[in-house]
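Colleague: Using our numbering, read the sequence shown as starting at 1452 and increasing by one per residue.
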Amino acid sequence: MENMHRVILIGAGPLGLKVAKFILERPNLALVGVVDLNPDLAGKKLDDLVEGGSPDFAVSGTIAEALTAAGENVDAAVITTVSSVRKILPTIREVAEHKLPMVTTCEELSYPWVRHPVEAEEIDKVCRENGVACLGTGVNPGFLMDYLPSVLSAIHQRVDHVLVERVQDASVRRVPFQKKIGAGLTHGEFSAAKENGTLRHVGLPESLDMIAAALGFDLDESAETLEPVLAPADLNVGYKPIRSGEPSGVEQIATGVLDGREVIRLRFRAAVGEEKSYDRIRITGNPGAELEIKGGVNGDVATSAITVNAIRSAIRANPGLRTMLDSPVPACFGGNVREMAAV
């Protein structure tokens, strides 16, 4: 077995706690600190929040406090806090100054170089100065709608068009996700949330940019649309009842145009009561390829898993801001059946 990696977790929301559980299950990872700004969590013992958690340490209110409690003997940090590059920047700076490689689920960091160049340059600079890597990842963005189609393109002599579709029944997803896609809102509430930017799948434009970068497409233009999915009948399978004709989710489409023609189309549709869930990649070119994951990938499990599996990649990566395109390939390390049974 490879060396044990000691990790602190920053962000103890629903996603963070699932990440914590996955870390605790790995024999080659040790969770040695948890940080959250929520005063209701401060001082709570880890075993009160996560099954299998240690009663030996409590949730800290600051990164410095968690590192002091861990004895400064920490190998990496995982950040599961916000979606915004601008908002997460101070946290990344502090982690970098403590010389810790890091993995973050910040959606805008999956490929920030096109739409957030100033913040991306600052993060890259502070990480290089401190000799650590910052890797943005997740199931989407970070894998299904960007990294995976980029990898699938490798068997092609020529790529003419990339279509990626992710269609999900959101009723099986966590409540914050259902709220984020507008399930259960009125038409007026949906329009207001769309207008102020709080209702959307964050990261679709970044996924478009990642694919374009991987393929060497210098896009002439890109566009994104967002519309509500309307319930076909009264629904009682989500976190709240939804009446027929009311918003049950969202459909977003991002497109990229090169030399006057569409070369990339990403379709994200997530709604409570969606009839069929699937993830599909269709590449038109030579030879062309189509990949479909029937039933789709469980986003909550997959995001937590790839975040944990990327810890080793972040530790091994060259210093600076890294994306999935230029970091060591992540894999499910230390999570085989025999080892899991022995935990």
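Beta carbons: idealized from backbone N, C-alpha and C, even for Gly.
In the DSSP assignment, the alpha helix (DSSP H) including F1473 goes from what residue to what residue?
Modeller: Here the alpha helix (DSSP H) through F1473 covers 1465-1476.
Colleague: Which of the three DSSP states, helix, strand or coil, is assigned to H1638?
Modeller: In this structure, H1638 counts as helix in the three-state DSSP scheme.
Colleague: I need the boundaries of the beta strand (DSSP E) containing C1585, first residue and last residue.
Modeller: Segment 1584-1587, the beta strand (DSSP E) holding C1585.
Colleague: Give the single residue among L1492, V1510, R1773, G1639 whose Cα lies nearest to the Cα of G1696.
Modeller: If we check each option's Cα against that of G1696, G1639 comes out closest.
Colleague: Following the continuous alpha helix (DSSP H) through Q1629, name the residue where it begins and the one where it ends.
Modeller: Where Q1629 is concerned, the enclosing alpha helix (DSSP H) stretches over 1626-1631.
Colleague: Are there three or more Cβ pairs, one per stretch, closer than 8 Å when the region 1598-1618 is compared with the region 1669-1684?
Modeller: Judged by Cβ distances under 8 Å, the region 1598-1618 makes no contact with the region 1669-1684, as fewer than three pairs qualify.
Colleague: Quick check: the Cα distance between K1745 and Y1729, rounded to an integer number of angstroms?
Modeller: Their backbone Cα atoms lie some 5 Å apart in a straight line.
Colleague: If you drop the 5 nearest sequence neighbours on each side, which residues of the same chain put their C-beta closer than 6 Å to that of D1487?
Modeller: Only A1463, V1510 meet the Cβ criterion.
Colleague: Would you check if there are 3 or more beta carbon pairs closer than 8 Å linking the region 1698-1713 to the region 1586-1593?
Modeller: No: the two stretches stay apart, fewer than three of their Cβ pairs being nearer than 8 Å.
Colleague: Considering only residues of the same chain and omitting the five flanking positions on each side of A1663, which have a CB-CB separation below 7 Å?
Modeller: Answer for A1663: L1670, G1707, I1715, listed in chain order.
Colleague: Return the chain-ordered list of same chain residues with a C-beta closer than 6 Å to the C-beta of Y1562, the five sequence neighbours on each side being excluded.
Modeller: Cβ within range, chain order: E1657, D1660, M1661, T1774.
Colleague: Less than 8 Å between the CB atoms is what I'm expecting for F1723 and I1757, so what's the real figure, rounded?
Modeller: Here the sequence assigns Val to residue 1723, which means Phe is not the residue at that position. Not quite, the Cβ-Cβ distance comes to about 25 Å (not below 8 Å), so this is no contact.
Colleague: Express the C-alpha separation of G1736 and V1610 in angstroms, rounding to a whole number.
Modeller: Whole-angstrom Cα-Cα distance: 4 Å.
Colleague: Could you tell me if E1558 is buried or exposed, where buried requires 16 or more neighbouring beta carbons within 10 angstroms of its beta carbon?
Modeller: E1558 comes out buried.
Colleague: Where DSSP assigns a beta bridge to K1496, which residues make up the other side?
Modeller: In the DSSP output, where bridge partners are listed per residue, K1496 has A1509.
Colleague: Closer than 6 Å by C-beta to P1552: which residues in its own chain qualify, once you throw out the five before and the five after it? Chain order, please.
Modeller: A1527, V1583, A1584, A1765, I1766, listed in sequence order.
Colleague: Am I right that A1621 and E1726 are in contact with their C-beta atoms under 8 Å? What's the rounded C-beta distance?
Modeller: With 8 Å as the limit, A1621 and E1726 do not qualify as a contact, their Cβ atoms being about 12 Å apart.
Colleague: Just how far apart, CA to CA, sit I1734 and D1499?
Modeller: Straight-line Cα distance between these residues: approximately 47 Å.
Colleague: Look at the alpha carbon of A1481 and the alpha carbon of L1466, and state the distance between them as a whole number of angstroms.
Modeller: The alpha-carbon atoms of A1481 and L1466 are separated by roughly 18 Å.
Colleague: Whole angstroms are fine: how far does the CA of L1460 sit from the CA of E1548?
Modeller: E1548 and L1460: Cα-Cα distance of roughly 16 Å.
Colleague: Find the nearest neighbour of A1440 within the set G1633, G1654, H1652, judged by alpha-carbon distance.
Modeller: Here the chain covers residues 1452 to 1794 and nothing more, so residue 1440 does not appear.
Colleague: What does the alpha-carbon distance come out to for the pair C1578 and K1550?
Modeller: Their backbone Cα atoms lie some 8 Å apart in a straight line.
Colleague: Between the Cα of E1672 and the Cα atoms of V1653, L1709, H1567, which residue gives the shortest distance?
Modeller: For the residues V1653, L1709, H1567, the minimum Cα distance to E1672 belongs to L1709.
Colleague: I believe A1717 touches V1618 by the beta-carbon criterion, under 8 Å. Please report the beta-carbon distance rounded to the nearest angstrom.
Modeller: One detail in the question is off: residue 1717 reads as Leu in this sequence, not Ala. No, L1717 and V1618 are not in contact; Cβ-Cβ is about 12 Å, not under 8 Å.
Colleague: Quick one: what's got a C-beta closer than 7 Å to L1540's C-beta in the same chain, skipping five residues either side?
Modeller: If we look at L1540 and ignore the five residues flanking it on each side, its Cβ neighbours are E1570, E1573, I1574.
Colleague: Hey, could you find the ends of the beta strand (DSSP E) L1686 is sitting in?
Modeller: Taken as a continuous stretch (DSSP letters only), L1686 belongs to no beta strand (DSSP E), as it is neither H nor E.
Colleague: Hey, L1655 and F1719 are a contact pair by Cβ (cut 8 Å); roughly how many whole angstroms apart?
Modeller: L1655 to F1719, Cβ: 6 Å. Contact.
Colleague: If you draw a straight line from the C-alpha of G1484 to the C-alpha of F1668, how long is it?
Modeller: G1484 and F1668: Cα-Cα distance of roughly 42 Å.
Colleague: Indicate whether N1489 and G1785 have their beta-carbon atoms separated by less than 7 Å.
Modeller: Taking 7 Å as the Cβ cut-off, N1489 and G1785 do not qualify as a contacting pair.
Colleague: If I measure Cβ to Cβ from L1636 and keep anything under 6 Å in the same chain, skipping five residues before and after, which residues do I get?
Modeller: Same-chain partners within the cutoff: P1698.
Colleague: Suppose you measure from the CA of G1750 to the CA of L1518; what does that come to, to the nearest Å?
Modeller: So the two alpha carbons sit approximately 30 Å from each other.
Colleague: Please state the DSSP three-state secondary structure of G1771.
Modeller: If DSSP states are grouped into helix, strand and coil, G1771 belongs with the strands.
Colleague: Residue ranges of each beta strand (DSSP E) run of no fewer than 3 residues wholly in the region 1642-1708, ordered along the chain?
Modeller: Complete beta strand (DSSP E) runs here, min 3: 1672-1681.
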